[in-house]
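Inspection log for the structure reproduced underneath, given as structure tokens.
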Amino acid sequence: MEAILTSISTVALAEMGDKTQLLALFLAARFAAKGQIVLGILLATIANHLASAWLGAWVADWLPPTWIHWLIGASFIAVGLWILIPDKDDSDDNSVMKSGAFIATFILFFMAEIGDKTQIATVILGAKYQAITAVTLGSTIGMLLANVPVVYAGQWLMERINPDKTRLAACILFVLLGIAAIVFPSF
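Residue numbers are given in this note's numbering: position 87 of the sequence shown equals residue 77, and the series is strictly consecutive.
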């Protein structure tokens, strides 16, 4: 249960102000089929984060246990600092957009997640917990918690949430988690 809850909160926080939130807003403005957008986000996230959690668990099997907490701590600190860098929306690929709401969302979300903060966080969580299903489930729920409201109430939400303050709060939390992972290896 800890792996699921930690994955939910970690990914939801990392997702605040992320390019995939901008992508969700863009897709919601472009397509009327909100349910298809949400389904595309869901399936793209499952596919991407399942592979990420598996990679993290696989890496953890090969690293000495004494290295894992250092790697996890340093990775959380790096992700925390990375969160401070605002993302840009680079999602306007017309050929993909012609394929409809579901296909466009699936392809664009899957591609946007490659090398993204939330994917890296999922790899880290996979390494920490070595519970692929729990981490994938939690990270997927975290992505949905961060993006589904944007799909349905995007413009209204974006006008009321200060992305700079949200990113700063998420950065502080990730850095503190990273320090805790280094100082308290059993954390």
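For every residue, glycine included, the Cβ atom is placed at its ideal position computed from N, Cα and C. What you are looking at is a predicted structure, and each value in this text was computed from that prediction instead of being measured.
Local Cβ density within 10 Å of residue i, reported as buried at 16 or more and exposed below that
| i | result |
| --- | --- |
| E103 | buried |
| V140 | buried |
| S81 | Unreliable placement is indicated for S81, whose pLDDT of 49 sits below 50; no coordinate value is reported for it. |
| R150 | exposed |
| G128 | buried |
| K155 | exposed |
Bounding residues of the alpha helix (DSSP H) (the contiguous stretch that carries residue i)
| i | result |
| --- | --- |
| K118 | K107 to Y119 |
| F21 | Looking at the DSSP string, F21 is not in any alpha helix (DSSP H), and its letter there is neither H nor E. |
| D154 | P153 to V173 |
| I104 | Taken as a continuous stretch (DSSP letters only), I104 belongs to no alpha helix (DSSP H), as it is neither H nor E. |
| S(-1) | E(-8) to E5 |
| A65 | Inspection of the sequence shows that residue 65 is occupied by Ser rather than by Ala. Segment P55 to I73, the alpha helix (DSSP H) holding S65. |
Residue i, DSSP secondary structure in three states
| i | result |
| --- | --- |
| G132 | helix |
| S81 | Caution applies to S81, whose pLDDT of 49 falls short of 50 and renders its modelled position unreliable; the model cannot decide the point. |
| D8 | coil |
| G90 | coil |
| the region 84 to 102 / the region 18 to 29 touching (three or more Cβ pairs under 8 Å) | Three or more beta-carbon pairs drawn from the region 84 to 102 and the region 18 to 29 are found closer than 8 Å, and the two stretches are therefore classed as touching.
| When the Cβ atoms of the region 159 to 169 are set against those of the region 62 to 76, are three or more pairs found closer than 8 Å? | yes
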